[in-house]
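Going by my numbering, the sequence shown opens with residue 216, and the numbers climb by one from there. Right, one structure below, let's go through it.
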Amino acid sequence: MMINFQMILYSVLERLLSRVKVLGTYRANAFKISISWPRILPNGFNNEINYDGIQHYHDVIDEILSRNITPYINMYHWDLPIRLQELGGLANPLFVNWYLDYAEILFRSFGDKVKYWSTFNEPGFNCVMGYQGSYAPLVNQSGIGEYFCLHHSLLAHAKTYKMYNEKFREKQQGKIIIAFALTWPVPKNPEDINELELGEQMLKFQDGWLLHPLFSNEGDYSEFVKDRIARQSSHQGYSRSRLPEFTKEEIALIRNSVDILSVNYYHGLEVKKFSADDTKPIVSHDADIGIIMQMLTSCHPWGLSAIIRRITAKYNTPTIVIGENGYRDEGQLDDIDRGQFFYYHLKEVLKLVKEGFNIQGYFTWTLFDIFEWTQGYEHRYGLFSVNFTDPERPRIPKLWSAKVITDIYRTRSIPSSFDSFSQR
């Protein structure tokens, strides 16, 4: 059987453009899309550029701009060219140079149209899941792989920021973003001191590994993170810490290399103490933190506020956007739970804005039901339901989430009660 890939790609483009057209219905003024590295550089390197791929994104960006919508571009959302993965991927120090070459092509190609660039989407989550063998690249090297992966991601981000400042910022006047998936511990028993201490331990590791290198006064990973991993490494027989070290120059380069911080938040976490046989110490990310984390599915909008308050008090945070916020279900059209999820999270965002927190924007995840990494089509997040068994992929707006988002975006206000949406 011969597959007409040209027709498939044309269909993909048509559907992507149709998404942009739908945004007008929602009165959205910004739209976030990802550029696929292998679509621009098929072999990963800048010696072979796919100009059809570049034109594809010009078409999409032009459609977005024609509707007075601001494009936010994800430069890397985990789809590394296979040739680069075969050379070690993000665990290879050369990844930093590979990424710089790719980023420069994007800035040169689209920088006159795009003013918001997110270098990495959720690098911590990508590195942990990718090197626990759950997500791409499906490498089971927990306790080692994720630390090299994030280390090189931070360096690639910072060097991209420096390159943009030196070559592009004066003319293009854009902003460089990095997006982190952040969460908040939800104790089963809020009176249990042990649960509260475990939650704080998780937060200190989350802060110290992801945020401290970028936003603290001193830079680098926090002493808490460095000490925990060094002690664990020694206990496991390693002659040095499994956590790679930054040079003084790299610490300075990474610190404050962000114009906008994207906070991606979904649900709270249940945390439990990590227990293992001390005679056979386990090398893993969870063991380094000392806890096991389980994502909850219930709604915890106050967790988003708690994160923003904590990191703003602790660090020199720049402007913030809520880069992803979404609720999963099995795809039912009557999605009142999702409608309530968005309503209560947006109320928290409004509260923070009124208190003076510098929050520039809010993005729902996601406009349409899509393919999720490990859940496939089982978990649905979209404001629109998509029939994936139909080749035409027909889309139907969901009853509650579509109504909530449309009304809030249209009126630029949030009603005092969710019940008001049932009267509209």
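Cβ coordinates follow ideal geometry from the N, Cα and C atoms, glycine included.
Closest by C-alpha distance to T579, out of R610, E587, I537, R608, is I537.
With 16 or more neighbouring CB atoms inside 10 Å of its own CB, F420 falls in the buried class. Looking at the backbone, the Cα of P459 and that of G571 are separated by about 37 Å.
CA-CA distance, P286 to V343, rounds to 28 Å. DSSP places G576 in the uninterrupted beta strand (DSSP E) bounded by 574–577. By the neighbour-count criterion, in which a residue is buried when 16 or more other Cβ atoms sit within 10 angstroms of its Cβ, S357 is buried. Fully enclosed alpha helix (DSSP H) runs of no fewer than 4 residues occupy 516–529 of the region 501–551, in order along the chain.
Secondary structure within the region 297–377: the alpha helix (DSSP H) runs of 4 or more consecutive residues, fully enclosed, are 297–301, 310–325, 338–345 (chain order). Of the candidates A371, Q388, H367, the residue whose Cα lies closest to the Cα of D327 is Q388. As DSSP reads the structure, R610 sits in a beta bridge with V601. For the options S632, T621, S631, the alpha carbon positioned closest to that of A243 is the one of T621. Considering only L369, V237, E465, the residue with the shortest C-alpha distance to E278 is V237. In this structure, the CA atom of F636 is about 7 Å from the CA atom of V619. By the CB criterion at 8 Å, L468 and K562 fall outside the cutoff. Annotation: the continuous alpha helix (DSSP H) that includes T626 extends over 616–626. I506 and L548 do not touch by the CB rule: their CB atoms are close to 38 Å apart, not below 8 Å.
Burial is judged here by how many other beta carbons sit within 10 angstroms of a residue's own beta carbon; Y314 has at least 16 and is buried. Secondary structure of I264 (DSSP, three-state): coil. A straight line joining the alpha-carbon of P609 with that of N471 spans about 44 Å. Taking 8 Å as the cut-off, the Cβ atoms of E485 and V401 count as close. In the DSSP assignment, A245 falls within the beta strand (DSSP E) that extends over 245–249. At least 8 Å separates the beta-carbon of T398 from that of G339. Counting along the chain, L484 sits inside the beta strand (DSSP E) bounded by residues 484–488. H367 places its beta carbon 8 Å or farther from that of L302. For K390, the uninterrupted beta strand (DSSP E) run begins and ends at 390–396, by DSSP. A distance below 8 Å separates the beta carbons of I288 and I248.
The three-state secondary structure of V237, taken from DSSP, is helix. Annotated as distal: R524 and H594, with beta-carbon spacing of 8 Å or more.
If you draw a 10 Å sphere on the C-beta of T532, you find 16 or more other C-beta atoms in it, and that means buried. In its chain, beyond the 5 residues on either side, Q300, G304, G345 have a beta carbon closer than 6 Å to the beta carbon of P352. Scanning the region 405–457 from its first residue to its last, the whole alpha helix (DSSP H) runs of 4-plus residues come out as 408–421, 427–430, 438–450. When secondary structure is reduced to three states using DSSP, R254 falls in the helix class.
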